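Asker:
Protein chains in written order, with our numbering: chain A, 6 to 181; chain B, 16 to 806.
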């Protein structure tokens, strides 16, 4: 199997190497880069668990090939919070959307959560002035079997209020 | 967040586990990749029924990067039927034929997705390439697809050594139904069906095994709800001591029942690691999950209710068939739950219940959230609705007249439950939950004044139904609590965790007992090296059985802390209080010692101790209830239905529930929300469609519809707290309650909405998808048009 050289910026860090053309972006991130926070739930683009951001826009990593990120920027859930690799995480370090989901009990098993965070962050970055109905619509491309969605919507709404009120976002330090 | 009196149980404590999950640091099984790991893909049967005539894996074996291609012929002594996990209860006249699957198919294929071969390769991609090269020559057999005909004399036999596809037959009765029926003012008989669905955890199953030949030890990471029983089965199958095998169920991405099952992959992956001397990893994909992971539901009921003209229940008769799929490793848990839960919160003096379990050529059925209870609730609640309609009573009123009163506990239903104990209700709030739900939904006002037709042409209806949930069954769980010299408190328990918040709610129980904060308690669940006694997370039992074991262990540690602190401070233990991570003298807070110092002193490295002294501030306790504790509740909902399109929108969803002592209201509400969402899917969207050849037509998330955020309304939850009398904390389970009565509530509300437009509408089949409802309405319309023409 031939390999193709690619280079990309992943959570702020340059990555260069060779990948097989058929390697899915989700598998690449998880096994080649070691970013296992991106979860795989269906591999046909429906559940949304594998959502990452490509140049700031949410995409389903299971529907893309790794070669497609060549000369692009990828952000995964590991890139959201101002955490330091190897150190314990404090709630203060979390991105406002992460913190709001924590406060609103917007996650249970947490498997679908990284994808929801990547969608919600982009959605609120575009504009934090969002109604609950808009938020409900925005996360409707993510399947969650635990929460019944109610507290996810509440959490994102809480984050929206804070971001609209001007709460700053500390950039992630690019784990790992 | 500290509460007056230092009480953490009952507080809305934010979860300890969230930060790791939110940052992508939490370890799931799929994240485990030991160096040098090989990857597995299974070759599975596309046919649901057949005879495997020839299986050629030579090309696959020869494929570059492939390390092994195993078939049944390679398994040696492992090639024997799997364990029967749950034996049937000792019921009089019981018929039960246990039939379990081989790890890989030898000759007979009994359901789609049965594994034929196991390919082990450098990567999953290569393993899947090689899987394509396997040639299987399968002689198709006539499949048994239709449950209604599975037990016919001329149905193809699924297990040749049995005279029919009958897997089990159970009859339980109380009183004399025939006599009750004879004196009834109204007898109604209906057929009900409740179709199949999946558990639908977003994380598929996964197993990673690493055999360390030098250490002579096997480590396995597994997405299981029951790491200890699985470890024990695997150790026995591989001829290892249980102490050589460590199973870890780390963060698990949703359980919902199917992950309580024991699966062949849980033996095959560790076995392959031993065979090949390499770590071996298998992650199920979503397509496999639709066949290789167990499913639930699939029952046909013929039920009858006998009532007086005042609406009092004289008796119920229910004859049903339960679809077990191709095998029955989980015994009779589901149909017995159905049989028992049908009685609900009601006085039913005479009951005749009989079920037959049928083998079919469909994937195996084991509990999924609700585990058969919703079928029973659906049948009973529907019978009550029909009886109310027949008698001209309000659906709420007929329930009021039949619920068990708060002075009637403990209430004995006289039949046997799934835990082999008589079906007894320890406590409950059946009248109160019904009245509170009625008040919240404004049912009486609604019934009097409602504007059925909205401006947009839709009609509005309301549904109010009750349920009970037998929870917290035995046999037992255990817990060990250790105060470490650094002051950290360690709690280990054997149950697995799949998002229920155990890292927080269990910590709250400990925090109250020994005066620390929940965030100071480090909880370990599902690691057999930390705790190796226990059965698992199922039947809504974590907070009840493990919770009370933790409570008992915490009280023992408390005694040890007080004893050591009293010696250190030279005071009487009765003069001490535990708070802020230490022991202090009441009224003289300066006289104190912290827990870490006491832990250090309790584990001397030199010198002598009194005979019989146990080291450390540590205690292990076990809890086993005499029988399961019964939770209850009432669901009320308001729906708007478009009579033209049959689309249903839920306008309000109200849950009044009683799970005894609430440890963490936020977590309990989360359980309710998720349960109701699963119930909505179950009632309205989710249906596995089997074609005439027994193949699943909708094995993807594109075609099998799980509810999304726009399908689940906000859920208004009210907690009633009637403590269980069967455990010191007073807790009852809540994991499944949300899912149980949804279909019944939904059916009542939709019928109510359409009462004027389609007065004869009866929803007797679940799921009642928009398509099915549309068909029901169309048929009613045709019938009434024909009747009009005839007249």
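Ideal placement from N, C-alpha and C gives every residue a C-beta, glycine not left out. The model shown is predicted, which means the values in this text are computed figures rather than measured ones.
#1: List the residues of chain A whose Cβ lies closer than 9 Å to the Cβ of residue 35 of chain B, in chain order.
#2: Quick test of your reading: residue 744 of chain B and residue 641 of chain B, contact by CB under 8 Å. State the CB separation rounded to the nearest angstrom.
#3: Does the ligand FAD have even one heavy atom less than 8 Å from the beta-carbon of residue 301 of chain B?
#4: Taking its Cβ as the centre, do 16 or more other Cβ atoms sit within 10 Å of residue 367 of chain B, making it buried, or is it exposed?
#5: Given that a residue counts as buried once 16 or more other Cβ atoms are within 10 Å of its Cβ, and exposed if not, what is residue 759 of chain B?
#6: Check whether the region 29-37 of chain B touches the region 88-108 of chain A, counting contact only when three or more Cβ pairs, one atom from each stretch, lie closer than 8 Å.
#7: If you run the structure through DSSP and keep just helix, strand and coil, what is residue 1 of chain A?
#8: Going by the CB atoms, is the gap between residue 311 of chain B and residue 359 of chain B shorter than 9 Å?
#9: Residue 752 of chain B versus chain A: which residues are under 8 Å apart at the beta carbon?
#10: Inspect the beta-carbon positions of residue 341 of chain B and residue 288 of chain B and report whether they are closer than 9 Å.
#11: Mind listing the chain B neighbours of residue 162 of chain A? Cutoff is C-beta to C-beta under 7 Å, in chain order.
#12: Check whether the Cβ atoms of residue 101 of chain B and residue 506 of chain B lie closer than 9 Å to each other.
#13: Could you check if residue 276 of chain B is buried or exposed, using at least 16 other CB atoms within 10 Å of its CB as the buried criterion?
#14: Please state whether the Cβ-Cβ distance between residue 235 of chain B and residue 285 of chain B is less than 9 Å.
#15: Identify, in the order they occur along the chain, each residue of the same chain with its Cβ nearer than 7 Å to the Cβ of residue 269 of chain B, setting aside the five sequence neighbours on each side.
#16: Could you give the first and the last residue of the continuous beta strand (DSSP E) run that contains residue 686 of chain B?
#17: By Cβ distance, which residues of its chain are closer than 6 Å to residue 151 of chain B, with the 5 residues on each side in sequence left out?
#18: Any idea which residues DSSP pairs residue 811 of chain B with across the strands?
#19: Only counting the same chain, and skipping five residues up and downstream in sequence, which positions put a Cβ closer than 7 Å to that of residue 283 of chain B?
#20: Consult DSSP for residue 555 of chain B and reduce its assignment to one of helix, strand or coil.
#21: If the criterion is Cβ atoms closer than 9 Å, does the pair residue 663 of chain B and residue 774 of chain B meet it?
#22: Classify residue 622 of chain B as buried or exposed, calling it buried when 16 or more other Cβ atoms lie within 10 Å of its own Cβ.
#23: Against chain A, which members of the region 259-271 of chain B pass a CB distance test of less than 7 Å?
#24: Taking buried to mean at least 16 other C-beta atoms within 10 Å of its own C-beta, is residue 384 of chain B buried or exposed?
#25: Helix, strand or coil for residue 12 of chain A per DSSP?
#26: Take every Cβ of the region 232-251 of chain B, pair it with every Cβ of the region 494-508 of chain B, and state whether three or more of those distances are shorter than 8 Å.
#27: Rounded to the nearest angstrom, how far is the Cβ of residue 577 of chain B from that of residue 591 of chain B, given a contact under 8 Å?
#28: How about residue 64 of chain A: is its C-beta nearer than 9 Å to some C-beta of chain B?
#29: Less than 6 Å between C-beta atoms, sequence neighbours within five positions excluded: which residues of the same chain meet that for residue 59 of chain B?
#30: Answer yes or no: does any C-beta atom of chain A fall closer than 9 Å to that of residue 282 of chain B?
#31: So is residue 247 of chain B in contact with chain A if we call contact Cβ pairs under 9 Å?
#32: Quick one: any contact between the region 558-568 of chain B and the region 482-495 of chain B, if contact means 3 or more CB pairs under 8 Å?
#33: What does the alpha-carbon distance come out to for the pair residue 780 of chain B and residue 231 of chain B?
#34: Let me see if you follow: with CB-CB separation under 9 Å, is residue 691 of chain B close to chain A or not?
#35: Do residue 187 of chain B and residue 395 of chain B have their beta-carbon atoms positioned less than 9 Å apart in this structure?
#36: If the cut-off is 8 Å on Cβ atoms, which residues from the region 694-720 of chain B count as contacting chain A, listed in chain order?
Answerer: Well, looking at it:
#1: 94 and 115
#2: Wrong, their Cβ atoms sit about 15 Å apart, outside the cutoff.
#3: The ligand content of the structure shown is nil, which means the ligand FAD is not present either.
#4: buried
#5: buried
#6: yes
#7: The structure shown does not extend to residue 1 of chain A, since chain A is modelled only from 6 through 181, so no value can be given for it.
#8: no
#9: Result: empty, since nearest Cβ-Cβ is about 13 Å, beyond 8 Å.
#10: no
#11: The premise fails here: residue 162 of chain A is roughly 12 Å from chain B at the closest Cβ pair, so nothing lies under 7 Å.
#12: no
#13: buried
#14: yes
#15: 216, 217, 218, 513 and 514
#16: Segment 680-695 is the alpha helix (DSSP H) holding residue 686 of chain B; no beta strand (DSSP E) there.
#17: 70 and 131
#18: Residue coverage of chain B in this structure runs from 16 to 806, which leaves residue 811 of chain B outside it and unanswerable.
#19: 118 and 133
#20: coil
#21: no
#22: exposed
#23: 266, 267, 268, 269 and 271
#24: buried
#25: strand
#26: no
#27: 6 Å
#28: no
#29: 128 and 130
#30: no
#31: no
#32: yes
#33: 55 Å
#34: yes
#35: no
#36: 715, 716 and 717
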